[in-house]
Each structure stands twice: as structure tokens, then as C-alpha cells.
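Read top to bottom, the protein sequences are chains A and B.
The first sequence begins at 1 in my numbering and counts up by one.
The second sequence begins at 395 in my numbering and counts up by one.
Cβ atoms here follow ideal geometry from the backbone N, Cα and C, with glycine treated the same way.
2 protein chains.
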Amino acid sequence: MHSEDIKLLMKQSSKDGLISFAAGMPNNDLFPVKEIDEILSNLSDDIKKLCFQYGPTSGYPPLVKSLQKMMERKGLKLSTDKVLVTTGSLQAISIITQEFVNEGDVILAECPCFVGALSVFETYRAKIIGIPIDDQGIDIQALKEAIANLTQKPKFLYITPNFHNPAGIIYTEERRRALLEVLSGTDIILIEDDAYGDLYFDDKTAPLTRPIKAYKGYDVDIIYTGSFSKILGPGFRLGYMLSSQEIFEKAETIKQALDACTSNFMQILANEFIERGYLEPYLLFLRKEYSERYELLHSSLKKHLPKGVSWNVPKGGFYAWLKLPESINATSLFKDCLSQGVVFVTGRTFDPESRKDNHLRLSFSNMPKDSIEKGVFLLANVIKEHLKIKSLII
Amino acid sequence: MHSEDIKLLMKQSSKDGLISFAAGMPNNDLFPVKEIDEILSNLSDDIKKLCFQYGPTSGYPPLVKSLQKMMERKGLKLSTDKVLVTTGSLQAISIITQEFVNEGDVILAECPCFVGALSVFETYRAKIIGIPIDDQGIDIQALKEAIANLTQKPKFLYITPNFHNPAGIIYTEERRRALLEVLSGTDIILIEDDAYGDLYFDDKTAPLTRPIKAYKGYDVDIIYTGSFSKILGPGFRLGYMLSSQEIFEKAETIKQALDACTSNFMQILANEFIERGYLEPYLLFLRKEYSERYELLHSSLKKHLPKGVSWNVPKGGFYAWLKLPESINATSLFKDCLSQGVVFVTGRTFDPESRKDNHLRLSFSNMPKDSIEKGVFLLANVIKEHLKIKSLII
Numbered sequence: 001m002h003s004e005d006i007k008l009l010m011k012q013s014s015k016d017g018l019i020s021f022a023a024g025m026p027n028n029d030l031f032p033v034k035e036i037d038e039i040l041s042n043l044s045d046d047i048k049k050l051c052f053q054y055g056p057t058s059g060y061p062p063l064v065k066s067l068q069k070m071m072e073r074k075g076l077k078l079s080t081d082k083v084l085v086t087t088g089s090l091q092a093i094s095i096i097t098q099e100f101v102n103e104g105d106v107i108l109a110e111c112p113c114f115v116g117a118l119s120v121f122e123t124y125r126a127k128i129i130g131i132p133i134d135d136q137g138i139d140i141q142a143l144k145e146a147i148a149n150l151t152q153k154p155k156f157l158y159i160t161p162n163f164h165n166p167a168g169i170i171y172t173e174e175r176r177r178a179l180l181e182v183l184s185g186t187d188i189i190l191i192e193d194d195a196y197g198d199l200y201f202d203d204k205t206a207p208l209t210r211p212i213k214a215y216k217g218y219d220v221d222i223i224y225t226g227s228f229s230k231i232l233g234p235g236f237r238l239g240y241m242l243s244s245q246e247i248f249e250k251a252e253t254i255k256q257a258l259d260a261c262t263s264n265f266m267q268i269l270a271n272e273f274i275e276r277g278y279l280e281p282y283l284l285f286l287r288k289e290y291s292e293r294y295e296l297l298h299s300s301l302k303k304h305l306p307k308g309v310s311w312n313v314p315k316g317g318f319y320a321w322l323k324l325p326e327s328i329n330a331t332s333l334f335k336d337c338l339s340q341g342v343v344f345v346t347g348r349t350f351d352p353e354s355r356k357d358n359h360l361r362l363s364f365s366n367m368p369k370d371s372i373e374k375g376v377f378l379l380a381n382v383i384k385e386h387l388k389i390k391s392l393i394i
Numbered sequence: 395m396h397s398e399d400i401k402l403l404m405k406q407s408s409k410d411g412l413i414s415f416a417a418g419m420p421n422n423d424l425f426p427v428k429e430i431d432e433i434l435s436n437l438s439d440d441i442k443k444l445c446f447q448y449g450p451t452s453g454y455p456p457l458v459k460s461l462q463k464m465m466e467r468k469g470l471k472l473s474t475d476k477v478l479v480t481t482g483s484l485q486a487i488s489i490i491t492q493e494f495v496n497e498g499d500v501i502l503a504e505c506p507c508f509v510g511a512l513s514v515f516e517t518y519r520a521k522i523i524g525i526p527i528d529d530q531g532i533d534i535q536a537l538k539e540a541i542a543n544l545t546q547k548p549k550f551l552y553i554t555p556n557f558h559n560p561a562g563i564i565y566t567e568e569r570r571r572a573l574l575e576v577l578s579g580t581d582i583i584l585i586e587d588d589a590y591g592d593l594y595f596d597d598k599t600a601p602l603t604r605p606i607k608a609y610k611g612y613d614v615d616i617i618y619t620g621s622f623s624k625i626l627g628p629g630f631r632l633g634y635m636l637s638s639q640e641i642f643e644k645a646e647t648i649k650q651a652l653d654a655c656t657s658n659f660m661q662i663l664a665n666e667f668i669e670r671g672y673l674e675p676y677l678l679f680l681r682k683e684y685s686e687r688y689e690l691l692h693s694s695l696k697k698h699l700p701k702g703v704s705w706n707v708p709k710g711g712f713y714a715w716l717k718l719p720e721s722i723n724a725t726s727l728f729k730d731c732l733s734q735g736v737v738f739v740t741g742r743t744f745d746p747e748s749r750k751d752n753h754l755r756l757s758f759s760n761m762p763k764d765s766i767e768k769g770v771f772l773l774a775n776v777i778k779e780h781l782k783i784k785s786l787i788i
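Okay, here's the thing in C-alpha cells:
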């Protein structure tokens, strides 16, 4: 089971000297510590006191306004839609699931899919149907067939179109429109998780990240979720969702019973970070850092990996997704890599049905630059060993 | 419905000049702003970076240790029990409800009961049975009868034995033991919500706040919940639960799917607050502030209230609970008070069945000292008017 792989990993990856491509989190050295220090030392007394107090369930009003402006710049029109601030976008996914899903209901998800979302869907005992993705986005034909073959109407389709976790891909414009065509009029809600959209490597990619929710002329109800975890720090536990008024109202009631409201302290810091103009320069810095890390990873992969192993070339985000020859099993590879001092996350972890296991996810976001080549070298050697054994058996 | 009363109140209580006995929250001027500033300016760089990062679902390990020590000082033995850090004790209640309650299951609660907990129980579509409380604690005879009359075994009993919200009472030693006697061997879990236990007015009261979970020799599974909302600030969204290993493990899985973990930033600040010895002096300050506020309220109530209105004399916490003559309806009183510029929360808000309405809750925690007498004066006048009208009708 994929959760066992994660447990094994968690136990081992804290070992000294281990090179970890496993953790899908920012590197501690990249956080905007200086900027937050500056904000903290310049807060007025009244705002400081507000940090300690309860706030509205929907969110700290100035942060809600800042988020509205951010989303409008991404092309989202907010005339009737409403923002709910959450403790990370995972809470948004959890609230949406609680709002729509009862035990046995069907959820459509990408295969592979963000494992945090899969855990939420499993907690609410949904039946998860995985739809394959390729390097352009979700497989439209497979999606159509899945919908046609189901006897139950799926409650929603959950996707991560920008710099997918784990597959690293970005949906093409054509695939976004084709997806909207398929969903139009079906009453299947689309959940668009955009945790990584700001983290493109190249400005030319920026227009491709435009939210699907911003596309007009389709009859699809879209809930858009965003997060501060990748652009400020997961320790803030801040995310948000944008939805119709009707979905918002029920979500707000659920949030009220989950934790009353999100920390005012964290919301105020995040809002000051945006309002004082720290976000854009910080994003520029992150884009440069992550693209440099990926460049290093890419050249190392090219240099060391044997033939038969391929990978996507991500245009942003945290992840490279390696495809192994069918004969190699990522879980058995993982065990040997661990003993050699390098780890990753196995492909089946992200498979809603825990089957496909000839992929592995390499996260470069958390990796010190000078460890990348060594990690790839160790990984490549173990892959070569596995290929050799396989060829001997055959 | 009680939720309508709350909405009406929320809309109105932000009006200028309104004297509000409604809000069950600390006053902005009491927060430990200076201490937190000091902590922030003295954090090491490594700890600062940790603030921005993900942490374990169960909680930031140094905070978990600090909490263990705090609870041990209260007499709790933690040999096999485990701590889970949550975003406020409301999240703990929500997690516990998700762990044990399916639609239609029975929950026992006090009548009156903390309205936040009632909202959670309603969200999970539980059947809530209210057991009356008096000035000593829960009505033991009523509890026995309720259990005997039920065809379904209740999943748990939820109580707030220390400085009850809204009733302000503290359970006596005898009542605590009698409660444990009744629950022993029934397999009904006891949830002990101790959000206010540290806020006694007089040191003599301290021993009476000993957690029920610390009592030995009874066969009752007790989950103990605590909160930083009343002793540091609700804006931190920090609480915790202490339970058996088995209950903890399921709760941790639920928490994982709700929001992955609680903010490291807030946990680190709270832990530093405890470790650097700021908590105890701050509690001394709060106890003095709240007891002074209650003294002012008490003398004003004695001076202005007409005969026939009685109230508990709280030994700690945030609340006084006024009992009106049966002929007066708190909701209609509320409307007239609102037009006179003073508000409170009506009794039926806290009744699981939204029936009993001859009580009102006066919260003194959030009230500037110099507004207390004026607020009571206005309230007393409206009560007198209502009594006059009633006597004319009769």
C-alpha cells in the first residue's frame, strides 16, 4: 500500500547523510525570514492585537481583498464568486469533500494524483476513479469513457493543471478547453488545485498557467483552490478557495464547525507580505532558485541515467516524474536506493488504486544544489543494477 | 433558532457605542503582545526557518513536551496517553466527533452547553440529548435516567467542568466522582473540555480545577481537551487533546486529512512562551484582570437588578449566567436591550434543543471595566420594563 511506502520513508529519511528527493516542500534556506521579521517589527499596536484575536470564519477581510486582487490579476472575475480562507489548500479540499461526498460516492481524480487529496477522499470513504494523464493533461478519451461507464454521477473531478504533483506537467490550452467541453452540462464540479501556478521557471510559461476557472463560455461549476504553502511557507497553514456563493456558504458553515476560523496572526502576516509588495520580488527569487535546481537535476539525469528511463521536462513547480522500463518495480528499487543513501517517492503512492509502480517522483524543491548530482548518480547506479539483473533473468 | 440569534447579534454588535456582554473572547488590550514581540526578536535563525516549514501532524515536538509537563502539573499521568496538537480545542472536538459519530448517533451534552460544540455535533447530524446542570455540575439523576431510557448507547458525554460556558459553574469534587461512578463500565466516553481551567479568580479554587481525567479507580475512557485561546489568544488557533493511544492514532489520521498539521509558526511561539517562563506570570495577570471585571459586574448586578433575577457566582472563567423569572423571554428581552445599546447571548442559544429561554449569558472577559456598570444599568432597566408589562397583563 502507498501509505506504507510513506511510513517507511518518513522513518528513514531523517537519517544523517541521506539524499532525499522525497520531500515535496520548500527548502528551509529559501523562506522569506528577513521580510517577515521586517513586517513583524513594523506592525502597528492595533494590528498586533488583532493578530491574537478571533476573526471571521471566511477570513481576515484585508487578506480576502488582497486575494481577490491576486486572483483578478490571474484573469479570474470575482463578481459573484466568494473567497474562503482555509488552513492550507488541503483544508479546502477537505471542506469541499465534506460538502459534497457521502460514503460510496464517486470522485474522479487524475492518475497519478496528489496523495494528500487521495487521503482526504479515502477518509470520507469515496470511491476514487483514476483517469490517466499524459504530458498534455488529462486523457480526454479516458475521461469520457469513465463518465459514460459509471452508473453513479461523480461528485467532482479533482485536478492540478499547473506543475502537477507528482507528474510535473502543465495542461495545454487545448486540453483545458477539451476538458471543459467534456464536463459542460454534466453537473460534475471541477476542483482546480493551483498550489504551484506561480512557480513557473520562465516568464513565457506564465500565460499558460491561467486558471481554467477563468475560461468563459462553458457550463461547468469550478472551485479554484490556492495555497501559501509553496510561496510563503507551509508553516503558515494558509490556503483559500474561490467558489460560487452557494458552495461558499455551505463551506463556511463546515469551516465554522472545523476550527471556527483560520489564525488571524498568520493571515495578517500574509496580507502584509502582499500589501507591502514583498510577494512579487520573492516569487522572482523562488522561480530562479527552483529553475536552477531543476536545471541541475536535468543535466544530472541526462548524464547518468541509463537508456530506457525517461522523464517529463517540467516548466515549473517542484517535481520531475521518471518513467522506468516496465520490468523495473519502483518499490523494490526504493529499498535498494535507501541502502545506498538516496530516496524518492514511488509511483504507486500517487495511484488512486495503488497499482502502477514503474514511476518515481523526484522533488528538487527541498534539495541543496550541491547534493543533486550525487543523488542522481547513486539513483542511476541502482537503476543500472536492476536493469542488469532483469536482463540476466530474461 | 439559536443560530439566528447569533447572526442577529453579529450583525448588530459591531455598531458603535454598543455595550456588548456577548462576545466570549479576551479583550484586545489584555493580549501578551510585549512578550510575543520579545520572543520574536530573540528566536534563533534555525528556529525561525522552522516556523515556515511543515511539522508532524501530531504537533511540534517541543510543544508536545511542554504540554505534557503542563498537564502533569495538573495531576494528569501521561504514561500511555498521547497528545495531539489541534487548531483550537474546537478542532479537537470536531476530530473526536468525526472519529466516533455517524449520522443518527446519540451524543450526551450538558444543557446549557458550549454552542461551538453543539454546532459540531449538528454538522455530523448527531442526535444530541441535553442533560441539565445545576450549580454543582451535571444532574446525576437526570443523566442516569437519560442513559437508562435510551435505546442507543451514546457515543460520548461532552462536558465543561471548569468555569462552564455559558453557566460559569465549576463541578464540585462530589459531582465529579458521582459522574465517574455513573459512567464506569458503560463504555460511554467522557470528553472533558478544559478551556477555562487556568482562569480561577482565587488560588483557593485552583485545587478544584483538577481534571476529571486525573481521577483514578474508575473504568471510564476520558478524552481531555485544552486550548490556548483563553490563555494566549484565539488568533493563535491552538488547542490540544489528550487521549489513549488508540483514540490518538485515529484522531491523527483524521487531522492529517483535515489540514496536514497545525501551524509550526504558532506552535513555536506558544512553546517559547511556555519555555521562557512567560505563561505563569501572564496567567497571574489574567486571573487578576478577570476577577476584577467579575467583581465590578457582581456589584453592578447587585445594585441594579430587580428582585426575581438570580445568577451564579462564578469562581473563574468568562461568564455570568442570569436566570430570569419564568415569565420573561430572553429573546424578546434581547431585542429591546439591543435598541437600548446593550447586548448579551440568549439562553436558548446554548440549549441543545433550543427551548429553554429564561436565561442570558453575560460575558465580562471582553468588556472594558468602565462600561460594565453602564451596561448592567441599561440591561436592568429593560428587565424592569418587561417585569412591569408582565405584571400588568397578569
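Please classify residue i as buried or exposed, where buried requires at least 16 other C-beta atoms within 10 Å of its C-beta.
{"i": "residue 125 of chain A", "result": "exposed"}
{"i": "residue 476 of chain B", "result": "buried"}
{"i": "residue 396 of chain B", "result": "Low local confidence applies: a pLDDT of 47 at residue 396 of chain B is under 50, so the model's placement there is unreliable, and no value is given."}
{"i": "residue 577 of chain B", "result": "buried"}
{"i": "residue 14 of chain A", "result": "Confidence at residue 14 of chain A is low in this model, with a pLDDT of 45, below 50, so the placement of that residue should be treated as unreliable; the coordinate-derived value is given next. Classification of residue 14 of chain A: exposed, given that the 10 Å Cβ count is below 16."}
{"i": "residue 313 of chain A", "result": "exposed"}
{"i": "residue 439 of chain B", "result": "exposed"}
{"i": "residue 417 of chain B", "result": "buried"}
{"i": "residue 151 of chain A", "result": "exposed"}
{"i": "residue 334 of chain A", "result": "buried"}
{"i": "residue 724 of chain B", "result": "buried"}
{"i": "residue 391 of chain A", "result": "exposed"}
{"i": "residue 601 of chain B", "result": "exposed"}
{"i": "residue 10 of chain A", "result": "Per-residue confidence for residue 10 of chain A stands at a pLDDT of 49, beneath the threshold of 50, marking its modelled position as unreliable; no derived number is given."}
Using the Cα positions of residue i and residue j, report the straight-line distance between them to the nearest angstrom.
{"i": "residue 305 of chain A", "j": "residue 552 of chain B", "result": "59 Å"}
{"i": "residue 265 of chain A", "j": "residue 667 of chain B", "result": "15 Å"}
{"i": "residue 726 of chain B", "j": "residue 218 of chain A", "result": "50 Å"}
{"i": "residue 396 of chain A", "j": "residue 498 of chain B", "result": "The first residue shown for chain A is 1 and the last is 394, placing residue 396 of chain A beyond what the model contains."}
{"i": "residue 522 of chain B", "j": "residue 491 of chain B", "result": "12 Å"}
{"i": "residue 747 of chain B", "j": "residue 512 of chain B", "result": "10 Å"}
{"i": "residue 260 of chain A", "j": "residue 109 of chain A", "result": "29 Å"}
{"i": "residue 569 of chain B", "j": "residue 675 of chain B", "result": "31 Å"}
{"i": "residue 279 of chain A", "j": "residue 210 of chain A", "result": "18 Å"}
{"i": "residue 347 of chain B", "j": "residue 200 of chain A", "result": "Examination of residue 347 of chain B is not possible in this model, given that chain B is present from 395 through 788 alone."}
{"i": "residue 565 of chain B", "j": "residue 753 of chain B", "result": "20 Å"}
{"i": "residue 535 of chain B", "j": "residue 529 of chain B", "result": "15 Å"}
{"i": "residue 343 of chain A", "j": "residue 59 of chain A", "result": "39 Å"}
{"i": "residue 316 of chain A", "j": "residue 168 of chain A", "result": "7 Å"}
{"i": "residue 275 of chain A", "j": "residue 412 of chain B", "result": "32 Å"}
{"i": "residue 584 of chain B", "j": "residue 114 of chain A", "result": "37 Å"}
{"i": "residue 12 of chain A", "j": "residue 372 of chain A", "result": "With a pLDDT of only 46 at residue 12 of chain A, under 50, the local geometry of the prediction cannot be trusted, and the value read off the model is given with reservation. Roughly 19 Å separates the two Cα atoms."}
{"i": "residue 763 of chain B", "j": "residue 432 of chain B", "result": "28 Å"}
{"i": "residue 349 of chain A", "j": "residue 328 of chain A", "result": "16 Å"}
Quickly, what does DSSP pair residue i with across the bridge? List them, please.
{"i": "residue 455 of chain B", "result": "None; residue 455 of chain B has no bridge partner."}
{"i": "residue 478 of chain B", "result": "B/635"}
{"i": "residue 756 of chain B", "result": "B/714"}
{"i": "residue 396 of chain A", "result": "Examination of residue 396 of chain A is not possible in this model, given that chain A is present from 1 through 394 alone."}
{"i": "residue 106 of chain A", "result": "A/127"}
{"i": "residue 19 of chain A", "result": "A/342"}
{"i": "residue 505 of chain B", "result": "B/526"}
Below 8 Å, how does it come out for the segment 35–55 of chain A and the segment 421–429 of chain B: are there three or more Cβ pairs, yes or no? Enough Cβ pairs lie closer than 8 Å, so yes.
Could you pull out every unbroken beta strand (DSSP E) segment of at least 3 residues lying fully inside the segment 190–255 of chain A, listed in chain order? Fully contained in the segment 190–255 of chain A are the following beta strand (DSSP E) runs of length 3 or more, in chain order: 222–227, 239–243.
Going along the chain, which unbroken runs of the alpha helix (DSSP H) with 4 or more residues stay wholly within the segment 286–360 of chain A? Here the runs fully enclosed are 330–340.
Just checking, does the segment 623–637 of chain B make contact with the segment 584–604 of chain B on the three C-beta pairs under 8 Å criterion? Contact between the segment 623–637 of chain B and the segment 584–604 of chain B is present, because at least three Cβ pairs lie under 8 Å.
Give, in chain order, every unbroken run of the alpha helix (DSSP H) that is at least 4 residues long and sits entirely within the segment 139–163 of chain A. Qualifying alpha helix (DSSP H) stretches, in chain order: 140–149.
Check whether the segment 87–96 of chain A and the segment 55–75 of chain A touch, using three or more Cβ-Cβ pairs below 8 Å as the test. No, because fewer than three Cβ pairs between the segment 87–96 of chain A and the segment 55–75 of chain A fall closer than 8 Å, the two stretches do not touch.
At 3 residues or longer, and completely inside the segment 252–281 of chain A: list those beta strand (DSSP E) runs for me, N to C. Here no run is fully enclosed.
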